[in-house]
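The block underneath contains the structure these notes are about, expressed in C-alpha cells.
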C-alpha cells in the first residue's frame, strides 16, 4: 500500500479519536494564554528516517507542518504540532507518515551562543516533543509513540528555526516497548502567520 | 578504507579553506581600509544545510547534509568547498566533497566595501566532486555538476545568506550516469567580509 488508508481498524480509530479530542481540548484552552505574539504557523523541514523493524521504510524526504503555540510561558511552553512527510524510499517517492505531537519548550532565553545564526535577535529554547506517528504503509498497525528533542530552536516573532533534531518512534503494541525507527530533522523552518 | 579517505578529504578541504582564509584575511582588512577589494577574495563563510545526490545507485534513500565553506573571489564569483555527508540511515557512511564555482546572475553579491550587495540573487554553479561512486570503489574525482540556485536571500555584507531550492545535475563520468543534485536550503554564516568589517 503506498497511500493513506482511511479504513482503520477499530483500535487505531479509537486512538485517532483520542488524539483529535486532545487537540480540540488544547485549542479550547487557547484564550487562557492570551499570547502577545503570533501563535499559528506552517513549516517546511528536511527529514530522514531509518526503519529499524522495517528497513524498507528508510527514507529521506520533506515535511510540511502546522504549529500552534497559543501561550507565551517562559518555562515549559506547550505547543501543538502536526506534520505530514513525503519521502523517497527504495520503492519510490510517496507519502510516508503523519504525526501529531505536543511540544514543550523547556526554557527561553535571549542570552545564548546561537545568536550568530539569525539576523534579528532571537530566543533560544530546547524543545521536547511527544506524540503519535501513523505510517501510511502500515495503517493497520497501532500508531507509534513519537519522541523528539530539538536542541536548537531559535524563535523570533515571525519565525521558528529548528536545527538538528533527532527523534525515535517506539512500538508499544505488544505490551513491550521496542524501537520502530529513528530519524533526524536537519532543519525545520516555521513561519508564524497569525 | 573508503570512509577514511573521504574523511581525510574533508579535513584537507577545510585545511585548504582555512589556509585561504588566513591568507586573505590580511588582504581583506587592508582592502577594507582602502574601501576596494574588487578582484580579490574578500569574504568567507561557513555553509550548512541540506544536500543530496538522488536517483543514484550509490546513494540509497536517506538524509544527507551539506557542510562547507564559501569564499568570495570577485564581486560576482565565489568558490564553494562543499561536502555532501550522509546522516540517515548510517551517519558519515557516504561522503562526497569538492569545489564549486558560482556566479551571481542578478547582480553583485558583494562590492567589497561599505555597500551591500544584491539582497536577492540567482546563482549558477559548476563543480567537480570527489566520491567513491564507481565500480572500482576508489575515492577520486567522479562528478561534474551544473546547478542553478534560483533564490538566494541575503549577502556576505549582511552576514547571513540563504540559498533555496538549488537544483541541477551531476554527471558521474566514471560510470557515465547522471544524478539529480539538489538542496532544499543552504545557510551561509559569514565570518569575514560582513558589514562589521567595513565600519
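Residue numbers (our numbering), protein chains in the order written: chain A, 6 to 199; chain B, 29 to 227.
Backbone N, C-alpha and C define an ideal beta-carbon position, used for all residues, glycine too.
Per DSSP, cross-strand counterpart(s) of residue i
i, result
"residue 187 of chain A", "A:55, A:173"
"residue 127 of chain B", "B:109"
"residue 210 of chain A", "Residue 210 of chain A is absent from the structure shown; chain A starts at 6 and stops at 199."
"residue 117 of chain A", "DSSP lists no partner for residue 117 of chain A."
"residue 110 of chain A", "A:82, A:132"
"residue 185 of chain B", "The partner list for residue 185 of chain B (beta bridge, DSSP) is empty, contrary to what the question assumes."
"residue 175 of chain B", "B:153, B:196"
"residue 169 of chain B", "B:158"
"residue 207 of chain B", "B:198"
"residue 43 of chain A", "In the DSSP output, where bridge partners are listed per residue, residue 43 of chain A has none listed."
"residue 93 of chain A", "A:65, A:98"
"residue 100 of chain B", "B:106"
"residue 70 of chain A", "A:48, A:88"
"residue 91 of chain B", "B:116"
Where residue i meets chain A, residues with beta-carbon distance less than 7 Å
i, result
"residue 91 of chain B", "51, 52, 53, 65, 189, 191"
Within chain A, the residues that residue i reaches when beta carbons sit closer than 9 Å
i, result
"residue 186 of chain B", "124"
"residue 217 of chain B", "121, 122"
Three-state secondary structure (DSSP) of residue i
i, result
"residue 199 of chain B", "strand"
"residue 144 of chain A", "coil"
"residue 50 of chain B", "Legend: pLDDT at residue 50 of chain B = 44, less than 50; position of this residue unreliable, value from coordinates given subsequently. DSSP places residue 50 of chain B in helix when its eight states are reduced to three."
"residue 134 of chain B", "coil"
"residue 85 of chain B", "coil"
"residue 164 of chain B", "coil"
"residue 23 of chain A", "helix"
"residue 216 of chain B", "strand"
"residue 99 of chain A", "strand"
"residue 60 of chain A", "helix"
"residue 76 of chain B", "strand"
"residue 162 of chain A", "coil"
"residue 194 of chain A", "strand"
"residue 139 of chain B", "coil"
"residue 70 of chain B", "coil"
"residue 7 of chain A", "Reliability fails at residue 7 of chain A, whose pLDDT of 45 lies under 50, so the model's placement of it is uncertain and the value that follows must be treated cautiously. Note: residue 7 of chain A maps to coil in three-state DSSP."
"residue 120 of chain B", "coil"
"residue 226 of chain B", "helix"
"residue 43 of chain B", "Low confidence applies here, because residue 43 of chain B scores a pLDDT of 45, under 50, leaving its location unreliable; read the following figure in that light. If DSSP states are grouped into helix, strand and coil, residue 43 of chain B belongs with the helices."
Chain-ordered neighbours of residue i on chain A, where CB pairs are closer than 8 Å
i, result
"residue 88 of chain B", "63, 95"
"residue 80 of chain B", "65"
Residue i: contacting residues in chain B (beta-carbon distance under 9 Å)
i, result
"residue 182 of chain A", "Simply none; closest approach about 21 Å."
Residue i at chain E interface by Cβ criterion, 8 Å
i, result
"residue 170 of chain A", "Of the chains in the structure shown, none is chain E; the protein chains are A and B."
**OP:** Indicate whether the contact test is met: 3 or more Cβ pairs, each with one atom in the region 94-113 of chain A and one in the region 132-144 of chain A, closer than 8 Å.
**Re:** These segments touch.
Original post:
Is there contact here, the region 72-86 of chain A with the region 107-120 of chain A, by at least three beta-carbon pairs under 8 Å?
Top reply: Touching, yes, given that three or more Cβ pairs across the two stretches are closer than 8 Å.
Subject >> the region 105-116 of chain B: positions lying closer than 8 Å to chain A by Cβ >> reply: Residues 115, 116.
**OP:** Give, in chain order, every residue of the region 200-213 of chain B whose Cβ lies closer than 8 Å to some Cβ of chain A.
**Re:** Residues passing the 8 Å Cβ filter: 212, 213.
Subject >> Touch test, the region 111-119 of chain B against the region 142-151 of chain B, Cβ-Cβ under 8 Å, three pairs minimum >> reply: Inter-segment contact for the region 111-119 of chain B and the region 142-151 of chain B is absent: fewer than three beta-carbon pairs are separated by less than 8 Å.
Original post:
Quick one: any contact between the region 67-79 of chain A and the region 123-139 of chain B, if contact means 3 or more CB pairs under 8 Å?
Top reply: No, because fewer than three Cβ pairs between the region 67-79 of chain A and the region 123-139 of chain B fall closer than 8 Å, the two stretches do not touch.
Original post:
Just checking, does the region 197-207 of chain B make contact with the region 159-174 of chain B on the three C-beta pairs under 8 Å criterion?
Top reply: Verdict: yes, contact present.
**OP:** Check whether the region 72-80 of chain B touches the region 212-221 of chain B, counting contact only when three or more Cβ pairs, one atom from each stretch, lie closer than 8 Å.
**Re:** Contact between the region 72-80 of chain B and the region 212-221 of chain B is present, because at least three Cβ pairs lie under 8 Å.
**OP:** Would you check if there are 3 or more beta carbon pairs closer than 8 Å linking the region 90-100 of chain A to the region 118-132 of chain A?
**Re:** In this structure the region 90-100 of chain A does not lie against the region 118-132 of chain A, because fewer than three pairs of beta carbons, one per stretch, are closer than 8 Å.
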